[in-house]
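In this note's numbering, the protein residues as written are 156 to 447.
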């Protein structure tokens, strides 16, 4: 196989790829634009040691060159002040070249980290109401056992803590359900406008307590029906609208707008868009990466 063929193959690949030539003292023969985006320009002609500095990456390349077998490595590369995570695959081509391809798994890594953070936070949050319940139970058994007023007050607090625990457990169950059904295509037909109206009705008392008016507007010419899970969608809209009520301006407005744009850049096609806006100060930029 000639250099021109390898260069043509690497250039045509849609994912990052680098070719190392064993005939040219293990120097980099070529890299496609996707690879240069995070490895940098001017890497051709350099020994792969000077480009891939992580020991796991060097070990995988050396293993593929020496054994002729496919080798894999997981690498972390800093891009624009953030870490990007890649699965690298090293393939020996006829004992003359080593192709190194990269699959970006940054999104999956971020999801895994968020899941770990969530479980850790829930575990921590469960300890507080549990400790409170145990303390109040001890109090009711001892110093408050003959004090009806204290019993009533403590029972009210215990109920509140038990409800808090129940919400945390429900969050965990919801996460488990999402993971169990993430590859199942939903079949339920849902009237989005109707679902949002129902969600607003449930939150009316919370809105009234803060003198907030919730408006639901539709810019679509027809009823919008989608396939989905009504419980999960209701939870999403409940969270967004409730946050608008809680953190927006007291005496302000929360507006839910339904639209059906002819083109959505994220989908590269037509789609359905639901926006929730309020009169609040907005989310602190430091928290935005966790919401992306």
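Every residue gets a Cβ at the ideal spot worked out from N, C-alpha and C, and that includes glycine.
Could you please give the first and the last residue of the uninterrupted beta strand (DSSP E) stretch that includes residue 369? If you number the chain shown from 1, residue 369 lands on position 214. Element bounds for residue 369: 368 to 373.
Between residue 257 and residue 190, how many whole angstroms is the CB-CB distance? I'm expecting something under 8 Å. Locating residue 257 in the chain shown gives position 102, counting from the first residue. Locating residue 190 in the chain shown gives position 35, counting from the first residue. About 7 Å; that satisfies the 8 Å criterion.
Distance CB(residue 383)-CB(residue 404) smaller than 7 Å: The sequence position of residue 383 within the chain shown is 228, counting from 1. The sequence position of residue 404 within the chain shown is 249, counting from 1. No, the Cβ-Cβ distance between residue 383 and residue 404 is not below 7 Å.
In the DSSP assignment, the beta strand (DSSP E) including residue 278 goes from what residue to what residue? Translated into positions along the chain shown, residue 278 becomes position 123. No beta strand (DSSP E) contains residue 278, which is instead part of the alpha helix (DSSP H) from 261 to 296.
By how many angstroms is the C-alpha of residue 255 removed from the C-alpha of residue 393? Here residue 393 is taken as the residue at index 238 of the chain shown, counted from 1. Here residue 255 is taken as the residue at index 100 of the chain shown, counted from 1. Near 46 Å, if we compare the C-alpha coordinates of residue 255 and residue 393.
For a test of the three-state rule: what should DSSP assign to residue 180, helix, strand or coil? The residue labelled residue 180 in the question sits at position 25 within the chain shown. Residue 180: coil per DSSP, three-state reduction.
Contiguous alpha helix (DSSP H) assignments of at least 4 residues, all confined to the stretch 373 to 428: 385 to 402
Considering only residues of the same chain and omitting the five flanking positions on each side of residue 379, which have a CB-CB separation below 7 Å? Within the chain shown, numbered from 1, the residue matching residue 379 stands at position 224. For residue 379, where only same-chain residues beyond five positions count, the Cβ hits under 7 Å are 347, 348, 413, 415, 427.
Three-state secondary structure assigned by DSSP to residue 232: In the chain shown, residue 232 corresponds to position 77, counting from 1. Looking at residue 232 - three-state DSSP - the assignment turns out to be strand.
Provide the residue span of the beta strand (DSSP E) that contains residue 346, from first to last. Counted from its first residue, the chain shown places residue 346 at position 191. Where residue 346 is concerned, the enclosing beta strand (DSSP E) stretches over 344 to 346.
Determine the contact status of residue 185 and residue 162, defining contact as a CB-CB distance below 7 Å. The residue you call residue 185 lines up with position 30 of the chain shown. The residue you call residue 162 lines up with position 7 of the chain shown. Their beta carbons are under 7 Å apart, which means residue 185 touches residue 162 by this criterion.
Taking Cβ to Cβ, would you say residue 323 is nearer than 7 Å to residue 281? The residue given as residue 323 occupies position 168 in the chain shown. The residue given as residue 281 occupies position 126 in the chain shown. Yes, they are a contact pair.
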